[in-house]
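First residue of the sequence shown? That's 1 in full-length UniProt numbering, and the numbers climb one at a time after it.
All C-beta atoms, glycine included, are put in the ideal place defined by N, C-alpha and C.
These figures come from a predicted structure and were not determined experimentally.
Here is the structure we will look at.
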Amino acid sequence: MIDLTLSILSSTLIFVVFKLYDTYKVQTLYAIIVNYLVACIVGLFLYDGSIQVEVLANTSWFWGPVALGILFIVIFNLMARTAQVAGVAVASVATKMSLAIPVVFGVVLYNEKLSLLQILGVILALVAVYLVSLKSKAITIRKRDLLLPLLVFFGSGIIDTSMKYFEERHLTAQEVPIFSSMIFGFAAIFGILFIGIKAIRTPLKLNLKNVLGGIALGIPNYFSIYFLIRALQSDMLNSAAIFTLNNVAIVLCSTLLGILAFKERLIPKNWAGIALAIFSIIMVALF
1 MIDLTLSILS STLIFVVFKL YDTYKVQTLY AIIVNYLVAC IVGLFLYDGS IQVEVLANTS
61 WFWGPVALGI LFIVIFNLMA RTAQVAGVAV ASVATKMSLA IPVVFGVVLY NEKLSLLQIL
121 GVILALVAVY LVSLKSKAIT IRKRDLLLPL LVFFGSGIID TSMKYFEERH LTAQEVPIFS
181 SMIFGFAAIF GILFIGIKAI RTPLKLNLKN VLGGIALGIP NYFSIYFLIR ALQSDMLNSA
241 AIFTLNNVAI VLCSTLLGIL AFKERLIPKN WAGIALAIFS IIMVALF
């Protein structure tokens with residue numbers, strides 16, 4: 001539970017950093033690339049084995065970080081586009097409700113058992129995510145814009161499911177730091193390629209605020225993945241419960257932090273979502 005708690009706290013800290021980006025006018029895309037480089041470096045420092053490219057390239061899990069690195073960049077850009085086209089609430093719901101995908105795969109592929117109360121807890125968690133994400137009016141989306149949140153939903157779900165797959169079938173506890181580091185390393189490589197292509201039209205301008213913003217984001221971002229994989233390796237809870245608790249607790253902590261630190265105002269449906277989130281966490285964790 002300690003690893004899961006640290007993963008949740010790290011992910012909540014990411015929310016704080018993103019909030020501060022607005023305050024200090026940090027360009028998110030460039031900061032994200034720096035963040036991936038920083039996260040990669042942190043993982044290399046934590047890895048106590050020898051780093052030999054030819055040895056890593058021959059591991060059974062090598063292509064996992066490559067594919068996940070691509071997914072990180074693609075999903076980030078899809079989330080940004082979804083927020084622009086359909087609104088931040090829609091992007092948030094699509095991302096967090098993707099917890100349903102690894103939960104289903106955990107039950108189907110790994111024969112994980114969920115009690116009736118835990119299943120009810122997962123359903124309540126999905127409702128809680130929706131309610132907490134609502135603003136003054138219900139979330140609405142035009143049919144022609146439906147593809148973007150669907151891609152975010154499936155992409156985020158695939159990332160979480162892949163984490164479980166590699167943890168279950170390929171990774172040892174010693175390899176977790178280098179595996180996490182390589183995910184961010186490849187994400188940085190593909191991100192730099194993306195920016196390089198973009199720079200053909202728009203000249204690239206280095207900005208100290210973007211670099212500092214990337215450093216501030218990279219450290220908690222690395223540990224959010226590192227501790228999540230460690231939590232998945234523990235035998236205390238199955239992956240279905242861990243992904244549910246992780247996603248709902250992040251939404252809950254981020255919302256409460258928004259109230260306390262950024263004076264955000266909630267509507268009654270948001271408070272109902274918070275109550276449901278707490279109730280769903282209790283049901284999934286205890287039963």
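The C-beta distance from Phe190 to Ile73 rounds to 5 Å, short enough to meet the 8 Å contact threshold. Secondary structure at Phe62: coil, using DSSP grouped into helix, strand and coil.
One alpha carbon belongs to Val17, the other to Thr202, and they sit about 26 Å apart. Shown here, Arg230 sits in a helix according to DSSP, grouped into three states.
Taking a 10 Å sphere around the C-beta of Gly214, we find 16 or more other C-beta atoms and assign the residue as buried.
For Arg201, the three-state secondary structure derived from DSSP is coil. The beta carbons of Ile101 and Phe186 sit no closer together than 9 Å.
Exclusion of the five residues before and after Phe194 leaves Ile73 as the residues of its chain whose Cβ lies within less than 7 Å of its Cβ.
In terms of Cβ geometry, Tyr47 and Pro177 form a close pair [threshold 9 Å]. Less than 9 Å separates the beta-carbon of Cys253 from that of Thr12. With a cutoff of 9 Å on beta-carbon distance, Ser10 and Phe223 are scored as near each other. The residues Leu4, Ser7, Ile8 and Leu228, in chain order, have a CB closer than 7 Å to that of Asn246 in the same chain once the five nearest residues on each side in sequence are set aside. Only residues of its own chain outside the window of five on either side were considered, and among them Gly49 have a CB closer than 7 Å to the CB of Gln174, listed in chain order.
Gln118 is not a Cβ neighbour of Met236, given a cutoff of 9 Å. The beta carbon of Arg230 lies closer than 7 Å to those of Asp3 and Val176 in the same chain, with the five residues before and after it left out.
Ala285 sits away from Tyr36, with the two beta carbons spaced by 9 Å or more. The Cβ-Cβ distance between Ala83 and Asn210 does not fall below 9 Å. By the neighbour-count criterion, in which 16 or more other beta carbons inside 10 Å mark a residue as buried, Asn238 falls on the buried side. In terms of Cβ geometry, Gly43 and Ser180 form a close pair [threshold 9 Å].
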